[in-house]
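Engineer:
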Amino acid sequence: MTYVVTDACIRCKYMDCVEVCPVDCFYEGENMLVINPSECIDCGVCEPECPAEAILPDTESGLEQWLELNNKYSAEWPNITTKRDSPPDADEFKGKEGKFEEYFSPEPGEGD
Numbered sequence: 001m002t003y004v005v006t007d008a009c010i011r012c013k014y015m016d017c018v019e020v021c022p023v024d025c026f027y028e029g030e031n032m033l034v035i036n037p038s039e040c041i042d043c044g045v046c047e048p049e050c051p052a053e054a055i056l057p058d059t060e061s062g063l064e065q066w067l068e069l070n071n072k073y074s075a076e077w078p079n080i081t082t083k084r085d086s087p088p089d090a091d092e093f094k095g096k097e098g099k100f101e102e103y104f105s106p107e108p109g110e111g112d
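Quick note on our numbering: the sequence shown kicks off at 1 and runs consecutively.
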């Protein structure tokens, strides 16, 4: 098992998860974070920290596309190990549906 970040993170990118991850397995895109499934130790400390409820265990049904996306982009985006401020408009996007189709960016973030 591993944890995956879903589209609920897009445009929110709260980064509370980054601060608590003991193995630094988060990677930063322009407007979301992903988890490297090979590095995640399945401890679960990140899941309750996410205000957007974007982090889920990959054992839940229907998350195959998110596991694939996390795997792909964690290999391309820079590692992030330090929490930074969320985007100023993050709360406006919290809970919004259809964010992947409308807002996903394959561009990398800044990382550390």
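Beta carbons are placed, not taken as given, at the ideal position from N, Cα and C, and that holds for glycine.
1. Within the same chain, show all residues whose beta-carbon is closer than 6 angstroms to that of GLU30, passing over the 5 residues directly before and after it, in chain order.
2. If we count Cβ pairs, one from each stretch, closer than 8 angstroms, do we get three or more for the stretch 79 to 98 versus the stretch 5 to 17?
3. Between the Cα of TRP77 and those of ASN36, THR2, ARG11 and VAL20, spot the shortest distance and give me the residue it belongs to.
4. Whose CA, out of ASP42, CYS9, ILE41 and GLU101, lies closest to the CA of LEU33?
5. Suppose contacts are defined by Cβ-Cβ distances below 8 angstroms. Is LYS39 in contact with CYS50 by that definition?
6. Should LYS72 go down as buried or exposed, given a rule of 16 or more other Cβ atoms within 10 Å for buried?
Structural biologist: Taking the structure as given:
1. Walking along the sequence shown from the start, residue 30 turns up at place 30. Result list for GLU30: SER105, GLU107 and GLY109, in chain order.
2. yes
3. Position 77 of the sequence shown, counted from the first residue, corresponds to residue 77. Out of ASN36, THR2, ARG11 and VAL20, ASN36 has the C-alpha closest to the C-alpha of TRP77.
4. Mapped onto the sequence shown, residue 33 falls at position 33. Answer by Cα proximity: CYS9.
5. As a position in the sequence shown, residue 39 is number 39, starting the count at 1. As a position in the sequence shown, residue 50 is number 50, starting the count at 1. The residue asked about is misnamed: residue 39 is Glu in this sequence, not Lys. No, the pair does not count as a contact, with Cβ atoms beyond the cut-off.
6. Stepping through the sequence shown from its first residue, residue 72 is reached at position 72. Classification for LYS72: exposed.
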